[in-house]
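A.B. asks:
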Amino acid sequence: MKIVLKPVRFFETCIISDMFINDIFVCNVLEDQYRKGIKVKHKTAIPAGVYLIIIDYSNRFNALMPHILQVPNFDGIRIHSGNTKEDTSGCLLVGVWGGLQNIQQSRVTYKKIFELINTAFLSNEKISIIINR
686 MKIVLKPVRF FETCIISDMF INDIFVCNVL EDQYRKGIKV KHKTAIPAGV
736 YLIIIDYSNR FNALMPHILQ VPNFDGIRIH SGNTKEDTSG CLLVGVWGGL
786 QNIQQSRVTY KKIFELINTA FLSNEKISII INR
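Plus 685 on top of the position in the sequence shown (first one is 1) and you've got the working numbering.
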């Protein structure tokens with residue numbers, strides 16, 4: 686499975702991107718602001734690059750969740766629901782861009798994304814995410 690993030694809106698405090706899975710648009714993503722270089726917890730977006738995703742247990746959320754691996758100098762980056770920058774500590778929030786600096790329909794969108802990623806994971810398919818900046 687190939688997931689690609691393409692930024693479409695840059696704000697002072699966050700980025701809105703389009704998410705494609707296997708070249709098909711599936712949702713929007715909200716994440717922290719972009720800063721070139723090393724990621725800073727609670728403040729900046731994941732650096733551009735290619736990362737692996739697995740499904741594993743999150744102690745913070747008490748659930749199985751997509752986990753983005755090998756982010757330089759950082760661990761615990763997840764894909765999850767949320768609507769504003771205040772809902773993320775550097776993770777990717779999925780939903781539908783609501784205009785301005787938020788996303789909507791996040792829980793419904795997350796459920797759909799989780800099912801797609803989990804199906805691939807359970808089938809032992811390699812799951813990668815390409816983050817463009």
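Here a beta-carbon is modelled for each residue, glycine too, at the ideal position from N, C-alpha and C. On a predicted model such as this, the values are computed, not experimentally measured, just so you know.
Please state the DSSP three-state secondary structure of residue 706.
C.D. replies: The count along the sequence shown starts at 1 and reaches residue 706 at position 21. If DSSP states are grouped into helix, strand and coil, residue 706 belongs with the strands.
A.B. asks: Mind pulling the beta strand (DSSP E) runs of 3 or more residues that sit fully within the segment 730-789?
C.D. replies: Segments of the beta strand (DSSP E) lying fully in the segment 730-789: 734-743, 748-753, 762-765 and 777-782.
A.B. asks: Rounded to the nearest angstrom, what separates residue 746 and residue 767 at their Cα positions?
C.D. replies: The residue you call residue 746 lines up with position 61 of the sequence shown. The residue you call residue 767 lines up with position 82 of the sequence shown. The alpha-carbon atoms of residue 746 and residue 767 are separated by roughly 12 Å.
A.B. asks: Have a look at residue 688 and residue 735 and give me their C-alpha separation to the nearest angstrom.
C.D. replies: Locating residue 688 in the sequence shown gives position 3, counting from the first residue. Locating residue 735 in the sequence shown gives position 50, counting from the first residue. Roughly 10 Å separates the two Cα atoms.
A.B. asks: Since residue 716 sits in a beta bridge, which residues does DSSP pair it with?
C.D. replies: Taking the first residue of the sequence shown as position 1, residue 716 is located at position 31. BP columns for residue 716 point to 700.
A.B. asks: Would the segment 686-701 and the segment 798-815 be scored as touching if the rule is three or more Cβ pairs under 8 Å?
C.D. replies: Enough Cβ pairs lie closer than 8 Å, so yes.
A.B. asks: Could you tell me the alpha carbon to alpha carbon distance between residue 715 and residue 808, rounded to whole angstroms?
C.D. replies: In the sequence shown, counting from the first residue as 1, residue 715 sits at position 30. In the sequence shown, counting from the first residue as 1, residue 808 sits at position 123. Approximately 28 Å between the Cα atoms of the pair.
A.B. asks: Could you check which residue in 788, 749 and 719 has the C-alpha nearest to that of residue 761?
C.D. replies: For the purposes of this step, residue 761 is taken as the residue at position 76 of the sequence shown. When only C-alpha atoms are compared, the closest one is 749.
A.B. asks: What residue range does the beta strand (DSSP E) around residue 694 cover?
C.D. replies: What you label residue 694 is simply residue 9 of the sequence shown in a count that begins at 1. Note, residue 694: beta strand (DSSP E), 687-695.
A.B. asks: Note down, in chain order, each residue of its chain lying with its Cβ closer than 7 Å to the Cβ of residue 743, except the 5 sequence neighbours on either side.
C.D. replies: As a working mapping, residue 743 is identified with position 58 in the sequence shown. Correct list, in chain order: 750 and 763.
A.B. asks: Find the nearest neighbour of residue 789 within the set 765, 803 and 774, judged by alpha-carbon distance.
C.D. replies: Your numbering for residue 789 matches position 104 in the sequence shown. Out of 765, 803 and 774, 765 has the C-alpha closest to the C-alpha of residue 789.
A.B. asks: According to the Cβ coordinates, are residue 816 and residue 706 closer than 9 Å?
C.D. replies: As a working note, residue 816 is residue 131 in the sequence shown. As a working note, residue 706 is residue 21 in the sequence shown. Going by C-beta atoms, residue 816 is not nearer than 9 Å to residue 706.
A.B. asks: With 16 other CB atoms within 10 Å as the buried threshold, where does residue 805 fall?
C.D. replies: For the purposes of this step, residue 805 is taken as residue 120 along the sequence shown, with counting starting at 1. Counting Cβ neighbours within 10 Å, residue 805 comes out buried, since at least 16 surround it.
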